[in-house]
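As you go down the protein sequences, you meet chains A and B in turn.
Convert by adding 760 to the 1-based position in the first sequence; the result is the number in our numbering.
Convert by adding 1 to the 1-based position in the second sequence; the result is the number in our numbering.
Think of the CB as a built atom: it goes at the ideal place given N, C-alpha and C, for glycine as much as any other residue.
The next block holds one structure in the form of structure tokens; read it before the comments.
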Amino acid sequence: MNESGFIVEMRKITKSFPGVKALDEVTVKVKPGSVHALMGENGAGKSTLMKCLFGIYKPDAGELVLDGKTITLANAKQALDSGISMIHQELHPVPYRSVMENIWLGRYPVRDFGLFKLVNGGKMLRDTKKLFEGLQMDIDPRVWVKNLSVSKIQSMEIAKAVSNNARVIIMDEPTSSLTENEVGHLFRIIRQLKSEGIAIIYISHKMEEILEIADEVTIMRDGRVVGTYLAKELTTDLIINRMVGRDLTHRFPPRVNVPGGVVMRVEGLTSTNPRSFRDVSFDLRKGEILGLGGLVGAQRTELVESIFGLRNIQSGKIWINGKQTIIRNSIQAKSHKIALLTEDRRTTGIIPVLSVFDNMVIANISKYLGKFLFLSRRRASEDVRKSIDVLRVKTPSPMTRIESLSGGNQQKVIFARWLLTEPDIFILDEPTRGIDVGAKYEIYTIIADLAKRGKSIIMISSEMPELIGMSDRIMVMCEGRATGILDGKSATQERIMELATQFM
Amino acid sequence: MSDISTTGRRLTTRSVREFATNNAILLVLLAVVLVIGIVKTSFLNFDNIMNILRISSVRAVIALGVGGILITRGTDLSAGRTVGLAAVISGSLAQRMNYPSRLFPNMADHSIWIPVLAGIGAGLVVGLLNGTIVAFLKVPAFIATLGTMTIVYGAESLYVDRPPMGATPLGGFKDEFTNLGSGSIGPDSFSVPIIIIIAVVISVFIFLVLNKTRLGKNIYAMGGNPDAAVVSGVSIWKNTMLVYAIAGLLYGLGGVLLAARAGGATNNYGQGYELDAIAACVIGGVSVSGGIGRVSGMLVGVLIKEVMNNGLVVLGVSAYWQQIVLGLIIVVAVGIDIQKYVRKR
């Protein structure tokens, strides 16, 4: 033990990305043998901070102090070697290998025969059994990881961290895919780790959980620390207040849209996946911006992708302009004049190696067919040029590869792609994610303008000011269910947060 | 005034450099031709160059088929065997009436179009089969075409099998047929080989398909990011079928031209052409991870391979060394090409 009394200290960590300051002089100190919770809205900087601690990002400024000694981490391997482990929200084990091979991956015990070395399977099995016994885990080291439940895989990852002599274990949303029973099991393991002097940094949105398991809570907001509190002095209300209590620093363009008659009615929509959304109903009016709020994992993306025909629906009905419709795929969705801007621009939005031009016209090629199935480049160019002007896309030329543009400009190109299909209903899934503040305003302007022109908009956002600032009405979801629809003018962040955590 | 001139010069330097990076492969081709030509002037004589172009014509038609598939992130190992199938089918229907060992002795005389269309049709059938397996059964293209490659070889061998002699070579083709491969059009002093004209027409056609049609845009989008293509309402199965079908047509045509040029055909024709075609495409800048590739690149890739093949023979390099050099070219070309993407991560 060093004199400071802390096992790990993050001192004045600052980290910027192009156009955004993700962390601003963040200081968090963690005591050994304690659970230190990290809370904040999506985008508050929790993940970035943890990536700095785990060697994935290099901080621009600030100091990492482990056991009283300043350290620098160039990669995750160095973090692991110095005793910092991370249990990721999305677990990535090797499915078709045994549990023990997963645990000792990259550091298999070997038997040295001088000329050659062989993996010592017997020792690996004995070591794994001993490890599991110590942690009171009931897992067969020889089964394929593919056959384990999520909870067991998580236990395995924790055991792996312990076997690595971890003194600090970061857990990112560890309960997001666990049942209540499994959460209890996890908490038992966490308490045992604590008793052995291991510090846990626990990231979660779930208030009740935090209040039960954490010793200290650090709340972050907009890349800064609001404060560090003793968990026993906190209540759910206090946490919410400190997470969201701020002035609306973002500004929004004035909106002059007037919602009209109902364009789309959704009734009792239920996913085929029992873990996803169920029994969701809402109306969407002409010229309306309907915000869709909730925490990560509330199944909002799944809901809109089902409406767009990309995912399967078990039951429920959709009416468009009063006619009941079934949408089985994106081609049918397009024919019903629906457009979808997906959440993850990189994986389902842009086609990185193609030009701005090609990215803009891909959803709308049929419109440019000329003689003999040839495309009319003239008409397409005209549309592309107009879109670039109207949306103010900053690109050296229409033939520039889209991957070389900034996030905001890429997003504008995707907007243009769908605008060219002349949709009536525009579904926007986190339209400003990963976009710097200036470009955000431009995206808001585009959205406000669309609504003014009578387009109906469903906008998913995890940023509450954005929801309140842009929506006529806000539907909030929690764990796959719609928990309420608020009026945009009277909605407060506290009220949204309450609805978003209703079942937690 | 001096300002303008320096700006002008700077622009020129930059545009030259830009041209060089965009057309590196073309410059490599020119350099190779120059070097071999200087060392051995006979390499540059007219007949030799025409010979290279004739061989390249067949290879180019095949490479253009494979290239389209590569752009969609697929691959086609059946290309070579399909070329062989088309060669024996068209050849068997193009034999002279007075040729003693005809495959079909009782067949009546018919137009030269019959063997040509039959060969192309055979290629189309294989292409549709590949497309179906890849698009509907979702079998990875590598495995699907590995299977059809083997099936097609069996089928074409059976086609020319005359037990107990086994698979027999075909010969005695009509002049109109061989003319497709070795004949020329135009006045004596300025005649152009028909086979080269066909290759040019096909290249223009594929260029138009890839760059000017809906199908082409979809091919690039599917290869560049299949998920984004689906979300944008691109029908993956339809476009996959079309790509393999067009490729099949091209292999069929390639087989017809090969038989016509050689004046004969065996069931081993086309063996290994699929790998040559893939190699030519990647040398020409087609990315096997999809979404990238130009017709001009594929053509230059074919030419580099054929120029090296021919040039190394002219220079008297041993056949074994030729293999080593060609292998190195593939690895180095793709190695250089891939660096632009590696560094970005």
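Asked	Found
9 Å Cβ cutoff, S233 (chain B) in contact with chain A	yes
Burial state of V369 (chain B) (16 or more Cβ within 10 Å)	Residue 369 (chain B) is absent from the structure shown; chain B starts at 2 and stops at 346.
Exposure label - N1124 (chain A); buried when at least 16 CB within 10 Å	buried
Residue environment, G273 (chain B), which counts as buried when at least 16 other CB atoms sit within 10 Å	exposed
Beta carbon proximity, R1006 (chain A) to chain B, threshold 9 Å	With a pLDDT of 47 at R1006 (chain A), under the threshold of 50, the predicted position of this residue should be treated as unreliable, though the coordinate-derived value follows. No, R1006 (chain A) lies away from the interface with chain B (no Cβ there is under 9 Å from its Cβ).
Exposed unless 16 or more other CB atoms sit within 10 angstroms - verdict on T1009 (chain A)	Residue confidence for T1009 (chain A) is low, a pLDDT of 48 falling below 50, so the modelled location carries little weight; the figure read from the coordinates is stated next. By the neighbour-count rule (16 or more Cβ atoms within 10 Å), T1009 (chain A) is not buried but exposed.
Minimum Cβ-Cβ distance from G1109 (chain A) to chain B less than 9 Å	yes
Rounded C-alpha distance that separates I847 (chain A) from L891 (chain A)	17 Å
C-alpha distance - Q1253 (chain A) paired with I1207 (chain A), whole-angstrom precision	21 Å
Which listed residue (B:V303, B:N49, B:A123, B:V161) has its alpha carbon closest to that of S79 (chain B)	B:A123
Given G1076 (chain A) as reference, the closest of A:I1086, A:S937, A:Y856 once Cα atoms are compared	A:I1086
CA-to-CA distance, F1132 (chain A) to P165 (chain B), given in whole angstroms	52 Å
Counted within 10 angstroms of its Cβ, other Cβ atoms place E1103 (chain A) as buried (16 or more) or exposed	buried
Near-chain A residues of the segment 198-211 of chain B - C-beta to any C-beta below 8 Å	L209
Residue environment, F766 (chain A), which counts as buried when at least 16 other CB atoms sit within 10 Å	buried
Any chain B beta carbon closer than 9 Å to V943 (chain A)	no
Interface positions of the segment 1072-1098 of chain A facing chain B (Cβ-Cβ less than 9 Å), listed along the chain	N1089, S1090, I1091, Q1092, A1093, K1094, S1095
Chain A contact residues for A229 (chain B), given Cβ-Cβ distances below 7 Å	T1108, G1109, I1110, I1111
Residues near D1007 (chain A) by beta carbon distance below 8 Å, same chain, minus five either side	The predicted position of D1007 (chain A) is uncertain, since its pLDDT is 46 and thus under 50; a value taken from the coordinates is nonetheless stated next. So no residue of the chain qualifies.
Chain-ordered chain B contacts of F1186 (chain A) [CB-CB under 7 Å]	Here the premise fails: no neighbours, minimum Cβ distance about 14 Å.
Local Cβ density within 10 Å of P1273 (chain A), reported as buried at 16 or more and exposed below that	Look at the range of chain A in this structure, 761 to 1264, and you will see that residue 1273 (chain A) is not part of it.
G1051 (chain A) - containing beta strand (DSSP E), residue span	1049-1053
Residues sharing a beta bridge with T1030 (chain A), DSSP	A:S1075
Contact set for S1221 (chain A): own chain, Cβ-Cβ below 8 Å, skip 5 residues either direction	G1051, L1052, G1053, E1190, P1191, T1192, L1227, M1230
Within 9 Å, strictly: CB atoms of V117 (chain B) and L171 (chain B)	no
L327 (chain B) at chain A interface by Cβ criterion, 9 Å	no
Where Y962 (chain A) falls: helix, strand or coil (DSSP)	strand
N-terminal and C-terminal residue of the beta strand (DSSP E) that G1244 (chain A) is part of	1241-1247
Beta carbon proximity, N219 (chain B) to chain A, threshold 9 Å	yes
At least 3 beta-carbon pairs within less than 8 Å: the segment 858-875 of chain A vs the segment 883-900 of chain A	yes
Option in A:M1024, A:T787, A:A1058, A:R1045 with minimal Cα separation from F1037 (chain A)	A:A1058
Proximity test, Cβ basis, 9 Å: D1118 (chain A) and chain B	yes
Between the CA atoms of D228 (chain B) and L1165 (chain A) - distance to the nearest angstrom	20 Å
Reduced DSSP secondary structure (H/G/I, E/B, other) of L1044 (chain A)	strand
Host alpha helix (DSSP H) of A246 (chain B) (start-end)	237-263
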